[in-house]
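Peer 1: As numbered in the working numbering, residues 2 to 559 make up the sequence shown, in order.
Quick reminder that beta carbons are idealized off the backbone N, C-alpha and C, glycines included.
Just so you know, these numbers come straight off a predicted model, no measurement behind them.
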Amino acid sequence: MNHEAKQHVFDVLARAFMQEKVRTCFALLGDANMNWAVRLGEQGCRMIYVRHEHCAVAAAMAYARKSQDVGVATVTCGPGVTQLITALPAAVRAHLPLVVFAGEAPLKSGWYNQEIDQAPLITATGAAYHRLHMPERMPVAIRDAFLQARRERRPVVTGIPFDLQARTWEGPANLPKPSHELLPRTSPIPPHPDDVARAAQLIAGAERVVVLAGLGAAEAGAGPACRALAAKTGGLLATTLPARGLFHDDPYCVGISGSYTPEVGLEYLREADLVVAVGCSLAFHAGGGGQLWPKARMLQVDVDPVAVSQGQEVARHHLRADARLGVEAITAAVPARKSAWRTEAMAARIRETRPDSMQFEIAPGLLDPRDVVEALENALPREWEMVNSGGHCSWFFAQMPSRPQARFLTIREFGAIGNGISFAMGVAAARPESRVVLFDGDGSLMMHVQELETIRRHGLNILIVVINDGAYGSEVHKLRSEGMAEDGSVFGYCDFAGIARGFGLAGRTFKVLDDLPEALAEFAKSGGAAVWDFHVSDKVTSPTIRRAHPQSAKAKQA
Ligand SMILES: Cc1ncc(C[n+]2csc(CCOP(=O)(O)OP(=O)(O)O)c2C)c(N)n1
Ligand SMILES: [Mg+2]
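#1: Between which residues of its own chain and Asp12 is the CB-CB distance below 8 Å, once the five residues before and five after are set aside?
#2: What number of angstroms, rounded off, separates the C-alpha of Met2 from the C-alpha of Pro173?
#3: Determine the DSSP secondary structure at Asn3, reduced to helix, strand or coil.
#4: Considering Leu183, what are the terminal residues of the beta strand (DSSP E) in which it resides?
#5: Helix, strand or coil for Gln8 per DSSP?
#6: Which word fits Phe356, buried or exposed, when buried means at least 16 other C-beta atoms lie within 10 angstroms of its C-beta?
#7: Given the structure, does Ala364 come close to ligand 3, in the sense that its CB is under 7 Å from one of the ligand's heavy atoms?
#8: Does the beta carbon of Tyr494 fall short of 7 Å from some heavy atom of ligand 2?
#9: Taking 8 Å as the cut-off, does the region 502 to 517 touch the region 530 to 546 (at least 3 CB pairs, one atom from each stretch)?
#10: If we call anything under 8 Å between Cβ atoms a contact, is Gln406 one with Leu247?
#11: Give the range of the alpha helix (DSSP H) segment to which Val197 is assigned.
#12: Just how far apart, CA to CA, sit Leu237 and Ser358?
#13: So, for Arg432: in the same chain, excluding its five sequence neighbours on each side, which residues have a beta-carbon less than 7 Å away from its beta-carbon?
#14: Given a cut-off of 8 Å, decide if Leu320 and Val302 are closer than it, judged by their beta-carbon atoms.
#15: Going along the chain, which residues of its own chain have a beta-carbon closer than 6 Å to the beta-carbon of Leu521, five neighbours each way excluded?
#16: Pick from Asn462, Thr455 and Glu353: whose alpha carbon is nearest that of Glu375?
#17: If you measure between the beta carbons of Thr77 and Gly111, is that distance less than 8 Å?
#18: Any heavy atom of ligand 2 closer than 7 Å to the beta-carbon of Ala472?
#19: Is Asp443 near ligand 1, in the sense that its beta carbon is under 7 Å from a heavy atom of that ligand?
#20: In terms of residue numbering, what span does the alpha helix (DSSP H) encompassing Cys281 cover?
#21: Cα separation between Ala349 and Arg343?
#22: Assess, as a yes-or-no matter, whether the region 18 to 28 is touched by the region 60 to 74 under the definition of 3 or more beta carbon pairs within less than 8 Å.
#23: Determine the contact status of Cys56 and Glu452, defining contact as a CB-CB distance below 8 Å.
#24: What span of residues does the beta strand (DSSP E) with Arg298 cover, start to end?
#25: Buried or exposed for Arg186, please, with buried defined as at least 16 other CB atoms from any protein chain shown within 10 angstroms of its CB.
#26: Closest to Phe260 by CA distance: which of Ala61, Asp369 and Ala399 is it?
#27: My understanding is that Val23 touches Val58, with C-beta atoms under 8 Å, so please give their C-beta distance in whole angstroms.
#28: Can you grab the Cα-Cα spacing for the pair Gly206 / Gly215, in whole Å?
#29: Using 10 angstroms around the beta-carbon of Glu119, count the other beta-carbons present and answer buried if the total reaches 16, otherwise exposed.
#30: Extract the residue ranges of the beta strand (DSSP E) inside the region 360 to 419, only unbroken runs of 3 or more that lie entirely within it.
#31: Under 6 Å Cβ to Cβ from Val276, same chain only, skipping five residues before and after it: list those, please.
#32: Distance, Cα to Cα, Asp250 vs Lys339?
#33: Pull the bridge partners of Pro156 from the DSSP assignment, please.
#34: Between Tyr324 and Val279, how many whole angstroms is the CB-CB distance? I'm expecting something under 8 Å.
#35: Three or more C-beta pairs closer than 8 Å, one from the region 80 to 98 and one from the region 436 to 456: is that the case here?
#36: How far does the alpha helix (DSSP H) with Met48 in it extend, from its first residue to its last?
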């Protein structure tokens with residue numbers, strides 16, 4: 002018998018994925034996915050072999066966001082699958098289409114040590130789980146998984162027992178039609194004229210309009226329409242955190258609305274009497290839990306408008322439409338007017354005021370994180386990709402106003418730390434011609450520091466900037482403000498430069514900022530990957546913490 006000619010189920014499954022135009026797959030191998038993964042690689046798919054399954058899915062999330070396509074990852078059965086339970090909820094909440102090829106324990110045995118009921122684990126995250134137990138139908142089921150991921154914009158996990166994968170293929174010779182040949186054509190939805198008239202009337206009655214744009218506005222290409230509406234109504238612009246940079250070169254953009262609003266922005270948002278929210282889900286944080294614009298009414302322009310979001314009543318007025326078409330229609334319908342609000346002086350204040358003016362005492366040998374970010378904002382080339390992680394330090398690196406939206410990546414919907422390094426890998430894979438800069442906290446980077454080895458092995462171009470306060474900043478500032486012990490939240494400054502070198506990457510510690518331009522020029526020339534460790538003071542408290550824990554600000558000033 003000729004074994005070479007024999008096709009296995011895993012061969013056909015690999016072809017089914019290639020037919021879906023999968024060009025990158027983030028993988029960690031085991032018995033239940035390795036044959037398939039090897040075949041996928043042989044057929045020309047770029048395989049990025051990570052060191053923790055969580056990182057495979059997290060990297061696929063960033064890849065999906067940046068490539069506007071389905072992200073693909075693969076894990077083995079049992080312990081491979083249980084590692085995904087922190088990544089998947091974030092992908093679900095961020096509406097990211099993913100297909101995860103997961104193995105399942107073999108069906109033929111009465112017992113298998115890695116067997117666990119995978120479906121309820123996965124469905125608890127909000128992702129879909131499909132058991133593929135009929136070999137002849139598996140290629141269709143894979144195609145349908147891609148269709149579902151694209152249509153529902155969420156992760157779909159396929160569980161395939163590895164004894165079935167190893168069987169000889171006995172199904173049809175041809176693969177089914179791929180998902181992109183079947184997807185319905187979905188054209189932008191125009192607004193209803195009655196809704197446009199109502200929206201225009203609402204805007205005409207307002208004096209201080211803020212146009213707030215989310216990722217939906219960015220995806221629909223509604224940026225110019227939003228600017229035109231703000232200009233015509235004498236209003237201001239703001240974005241959500243994921244859409245930051247959409248109006249980076251508009252003098253009347255106050256920055257991010259939400260936890261990361263700069264000082265001047267907070268002042269102007271408080272004065273607003275109408276917020277026109279475009280292509281954003283009105284998440285709790287975007288409006289500071291209702292505190293940011295206490296006097297404003299809310300008009301939401303969205304394909305799927307809502308009244309209540311994340312436990313809050315958010316909008317009474319709605320215009321259902323594609324973001325661009327909706328905003329263009331209301332801009333055409335409102336009369337232009339002069340505004341006493343939008344003045345040259347206001348533009349100058351927005352441009353010239355530092356995001357946070359609070360003074361702190363910084364011990365010698367340590368940096369102020371605000372100075373670190375300002376120096377990097379000035380020095381980093383505009384075309385490099387910026388990725389940000391979470392933690393207390395994220396307030397500081399949210400203040401980079403000069404870069405366009407296409408150069409940022411923020412996925413924060415589940416609030417987990419430890420994702421930055423994976424997101425940076427996903428962006429580097431999606432944009433191989435670009436340089437990627439990750440901004441991360443010391444605690445977050447430490448959580449998946451093993452991926453430095455993946456970065457080196459795959460030659461990814463990533464500069465990791467660590468805002469190292471030697472602590473879990475979020476926790477330490479809150480504990481201090483409550484007068485509680487810092488145990489478990491302060492660890493001291495570990496040597497990330499040394500750790501980086503141990504993994505074969507360049508590493509550098511910064512205790513002053515003077516040599517930053519020279520270091521950057523050197524890095525730009527050498528290429529590759531590096532970790533830059535900035536030792537910052539844990540005494541600098543972000544405005545978000547100060548607002549939520551006023552005692553902490555008082556303690557600092559005393
Ligand atoms: C997976 C996970 N574990 C724990 C937390 C709680 N948490 C939120 S911020 C934070 C500290 C992160 O430290 P670091 O990355 O150093 O950033 P910093 O807050 O110090 O700026 C922790 C532990 C979380 N959000 N996610
Ligand atoms: Mg820290």
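Peer 2: With the given structure in hand:
#1: Scanning its chain for C-beta atoms nearer than 8 Å, with the 5 sequence neighbours on each side dropped, one finds around Asp12 the residues Arg40 and Trp170, in chain order.
#2: Model confidence at Met2 stands at a pLDDT of 41, short of 50, so the residue's coordinates are unreliable and nothing is read from them.
#3: For Asn3, the pLDDT reaches just 45, beneath the cut-off of 50, and the residue's location in the model is therefore unreliable, although a value from the coordinates is still provided. Coil, per DSSP.
#4: In the DSSP assignment, Leu183 falls outside any beta strand (DSSP E), carrying neither H nor E.
#5: Residue state for Gln8 is assigned as coil, using DSSP reduced to three classes.
#6: Per the sequence shown, residue 356 should be read as Pro rather than Phe. By the neighbour-count rule (16 or more Cβ atoms within 10 Å), Pro356 is buried.
#7: The model on display carries ligand 1 and ligand 2 but not ligand 3.
#8: Checking the Cβ of Tyr494 against ligand 2 gives no.
#9: The answer is yes - the region 502 to 517 touches the region 530 to 546, with three or more Cβ pairs under 8 Å.
#10: Pairing Gln406 with Leu247 gives a Cβ-Cβ distance under 8 Å.
#11: Unbroken alpha helix (DSSP H) run through Val197: Pro194 to Ala205.
#12: Their Cα atoms are separated by approximately 22 Å.
#13: The residues are Lys67 and Glu386.
#14: A Cβ-Cβ contact shorter than 8 Å links Val302 with Leu320.
#15: Answer for Leu521: Ala380, listed in chain order.
#16: For Glu375, the closest alpha carbon among the candidates Asn462, Thr455 and Glu353 is that of Glu353.
#17: Their beta carbons are not under 8 Å apart, which means Thr77 does not touch Gly111 by this criterion.
#18: Within 7 Å of the C-beta of Ala472 there is at least one heavy atom belonging to ligand 2.
#19: Yes - ligand 1 has a heavy atom lying nearer than 7 Å to the Cβ of Asp443.
#20: Element bounds for Cys281: n/a, residue is neither H nor E.
#21: One C-alpha to the other measures close to 11 Å.
#22: At 8 Å Cβ cutoff, the stretches touch.
#23: A contact, by the Cβ cut-off of 8 Å.
#24: The continuous beta strand (DSSP E) containing Arg298 extends over residues Arg298 to Asp303.
#25: Within 10 angstroms of the beta-carbon of Arg186 lie fewer than 16 other beta-carbons, which makes it exposed.
#26: The residue asked about is misnamed: residue 260 is Ser in this sequence, not Phe. Ser260 has its Cα closest to that of Ala399, out of Ala61, Asp369 and Ala399.
#27: That belief does not hold up - the Cβ atoms of Val23 and Val58 are roughly 15 Å apart, past 8 Å.
#28: Spanning the two alpha carbons is a distance of roughly 24 Å.
#29: The residue asked about is misnamed: residue 119 is Gln in this sequence, not Glu. Burial state of Gln119 is buried, judged by a 10 Å Cβ sphere holding 16 or more other Cβ atoms.
#30: Look at the region 360 to 419 and you find these whole runs of beta strand (DSSP E), each 3 residues long or longer: 386 to 389.
#31: For Val276, where only same-chain residues beyond five positions count, the Cβ hits under 6 Å are Val211, Leu213, Trp294, Ala297 and Met299.
#32: A direct Cα-to-Cα measurement between Asp250 and Lys339 gives close to 22 Å.
#33: Answer is Leu99.
#34: Correcting the residue identity first, residue 324 is Ala in this sequence and not Tyr. Contact flag correct, Cβ pair sits at about 5 Å.
#35: In the pairwise beta carbon analysis, the region 80 to 98 is classified as not touching the region 436 to 456: fewer than three pairs are separated by under 8 Å.
#36: From DSSP, Met48 is part of no alpha helix (DSSP H) but of the beta strand (DSSP E) over Arg47 to Tyr50.
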